[in-house]
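Residue numbers (the working numbering), protein chains in the order written: chain X, 1 to 205; chain R, 1001 to 1205. C-beta atoms are modelled at their ideal positions from N, C-alpha and C, and glycine is treated no differently. Heads up, the thing below is written out as structure tokens.
2 protein chains.
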Amino acid sequence: MHDDLRERQRQPLLIVISGPSGVGKDSVLQNMRARDLPFHFVVTATTRPKRPDEVDGIDYFFISQDEFVKMIEQDELLEHAIVYGDNKGIPKQQVRQALASGKDVVMRIDVQGAETIRNICPEALLIFLSTRTEEELVKRLKTRRTETPESLELRLATVRHEMESVEQFDYYVINADNQLDATVDTIQAIIHAELQRTHPRQVVL
Amino acid sequence: MHDDLRERQRQPLLIVISGPSGVGKDSVLQNMRARDLPFHFVVTATTRPKRPDEVDGIDYFFISQDEFVKMIEQDELLEHAIVYGDNKGIPKQQVRQALASGKDVVMRIDVQGAETIRNICPEALLIFLSTRTEEELVKRLKTRRTETPESLELRLATVRHEMESVEQFDYYVINADNQLDATVDTIQAIIHAELQRTHPRQVVL
């Protein structure tokens, strides 16, 4: 439009939702998907067992250890890590295709993985999810029947380490108890605001 | 709270709503004030005549030329300018007191004034309001009965000049025709997002 006051350079965003184990990343993603948002939600590949409320191909691609190793060998993963004994990886081609189609891309990933994405793509939009207190996080981890006292101690030690990485994230969002909708409202506000930036992020991947 | 996962350094924001004459700054501010927002809205001093729907002490302090000169002489204005023949100025003490009380401060100001605020306070949050096209802006200026063909030409020349300053603003928000509520929703989203930043703005004034 030649008479626009200013040409907008609309660039798709690469939105990374991260934070400690137990903070509610999966719940946030499920809530976001349930809203009518024009984003591509990355389906992560994982070797961890499917939880009862999860759907293969939507929440995750649940694959075998052998399939996972093959993906690594064929360089099909943008990033991968062993998270508490389970492999997780971000399919590279899926993210590139979504960005190429002009869609904003949303992925959830552990804190170390988010740092890797920051290195691969400095203009990624990094959101750190947190509880307000350590006590809240412990409570959430305990409600997961899978936690033994040993694994709980391990996770908490990891959390304290992960908190040192907060400074490398763009935003720090509290996912308070029973406030999931408010958390996702905040994430939507962040994305909406980012799209009005005078200097849009230049995502190259 | 000693067991917080991260100490938040909540800093009040200095939010500057700017943009060309006719874009709707006053309407945006009136709409924001009508919402239940916990901001301090700066009352600008001006020598321009009161419009019928405006209230002295709320929309502006409507003062005489003599009073305005006295404020300048006593260094009571953070910034002042002659905008199309009328003097406008931001009372310094008012802004400082509001920030000191911990409130986020919202002010509207012309584009040149916003640049001055940027120089005084590099961490101010600057929002540039715009119409989508020049045609929309002309239409709005024409509906103001005050506009003569000469003043319209002058204003448009100024707008073209002001567009060169957009890069110095943080956000560029389109205030489209009949979309005032959406515009203010966007401004609220920006402020909400800014409050979640890992590295909050450090406003020093």
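Residues in the segment 176-189 of chain X having any Cβ partner in chain R nearer than 7 Å:
T186 and A189
Spatial neighbours of V83 (chain X) within its chain, please: CB distance less than 7 Å, with the 5 preceding and 5 following residues excluded, ordered by chain position.
D110
Compute the distance between the beta-carbons of K88 (chain X) and H40 (chain X), then report whether it is under 7 Å.
no
Compare the C-beta of H1002 (chain R) against all C-beta atoms of chain X and say whether one is closer than 7 Å.
Annotation note: pLDDT 41 at H1002 (chain R) (below 50); position unreliable, coordinate value reported separately. Not an interface residue.
Counting C-beta neighbours from all protein chains within 10 Å, is the total for A1045 (chain R) 16 or more, i.e. buried, or is it exposed?
buried
For M1001 (chain R), count neighbouring Cβ atoms within 10 angstroms of its own Cβ and tell me buried if that reaches 16, exposed if not.
Because the pLDDT at M1001 (chain R) is just 35, under 50, the model does not fix this residue reliably, and the point stays unresolved.
is_contact[T1116 (chain R), chain X] using C-beta, thresh 7 Å:
no
beta-carbon I1120 (chain R) near the ligand SAH non-hydrogen atom, thresh 6 Å
The ligand SAH is absent from the structure shown, which contains no ligand whatsoever.
What whole-angstrom Cβ distance do S1063 (chain R) and T1047 (chain R) have, given they're in contact under 8 Å?
It is worth fixing the name first, because residue 1063 (chain R) is Ile in this sequence and not Ser. Yes, I1063 (chain R) and T1047 (chain R) are in contact; Cβ-Cβ is about 6 Å, under 8 Å.
Can you say whether R35 (chain X) is buried or exposed, counting buried as having 16 or more other CB atoms within 10 angstroms of its CB?
exposed
Go ahead and label N1085 (chain R) buried or exposed: buried means 16 or more other beta carbons lie within 10 angstroms of its beta carbon, across all protein chains shown.
At residue 1085 (chain R) the sequence reads Gly, which differs from the Asn that was named. Result: exposed.
Is the segment 1143-1162 of chain R touching the segment 123-142 of chain X in the sense that three or more CB pairs, one from each, lie closer than 8 Å?
no
Name the chain X residues that come within less than 7 Å of H1080 (chain R), Cβ to Cβ?
Correct list: empty, because the minimum Cβ distance to chain X is about 25 Å.
For I63 (chain X), does the three-state DSSP call read helix, strand or coil?
coil
Examine chain A for any beta-carbon lying closer than 7 Å to the beta-carbon of A1193 (chain R), and answer yes or no.
Annotation note: the requested chain A is absent from the structure, which comprises protein chains X and R.
Near E123 (chain X), what residues of its chain come up, given a Cβ to Cβ distance below 8 Å and the 5 sequence neighbours on each side ignored?
L14, R201, Q202, V203 and V204
Which residues, in order along the segment 120-153 of chain X, keep a beta-carbon less than 9 Å from a beta-carbon of chain R?
L126, I127, F128, S130, T131, R132, T133, E134, E135, E136 and L137
Using only the alpha-carbon positions, how far apart do M1071 (chain R) and D1026 (chain R) sit?
23 Å
Beta-carbon proximity check, D170 (chain X) vs L125 (chain X), cutoff 7 Å
yes
N1087 (chain R), enclosing beta strand (DSSP E) - first and last residue
D1086 to P1091
Unbroken stretches of the beta strand (DSSP E), 3 residues or longer, contained in the segment 1144-1198 of chain R:
1171-1174
Give the C-beta separation of E1076 (chain R) and K1092 (chain R) to the nearest angstrom, bearing in mind that I take them to be a contact with Cβ-Cβ under 8 Å.
6 Å
Select from R:D1004, R:S1018 and R:D1177 the residue whose C-alpha is nearest the C-alpha of T1116 (chain R).
R:S1018
For L1099 (chain R) versus I1090 (chain R), is the C-beta distance shorter than 7 Å?
no
CA nearest to the CA of V1166 (chain R), picked from X:P52, X:R197 and X:K50
X:R197
Return no unless some Cβ of chain R is closer than 7 Å to the Cβ of R197 (chain X).
yes
Which chain R residues are close to D170 (chain X), counting only those with a beta carbon under 8 Å from its beta carbon?
R1197 and T1198
For the beta strand (DSSP E) containing S1018 (chain R), name the first residue and the last one.
L1014 to S1018
Would you kindly work out how many angstroms separate the C-alpha atoms of L180 (chain X) and L156 (chain X), rounded to a whole number?
22 Å
Option in X:L37, X:V42, X:Q112 and X:V28 with minimal Cα separation from D177 (chain X)
X:V28
Please identify the residue among X:A182, X:E7, X:R33 and X:V23 whose C-alpha is closest to the C-alpha of V105 (chain X).
X:R33
Closest Cβ-Cβ distance between Q1202 (chain R) and chain X: below 7 Å?
no
Would you say V1069 (chain R) faces chain X, with C-beta separation under 7 Å as the test?
no
Please state whether the Cβ-Cβ distance between M235 (chain X) and V43 (chain X) is less than 7 Å.
For chain X, the structure presents residues 1 to 205; residue 235 (chain X) sits outside this window and is missing.
Mind listing the chain R neighbours of V173 (chain X)? Cutoff is C-beta to C-beta under 7 Å, in chain order.
Q1196
Quick check on V1105 (chain R): does DSSP put it in helix, strand or coil?
strand
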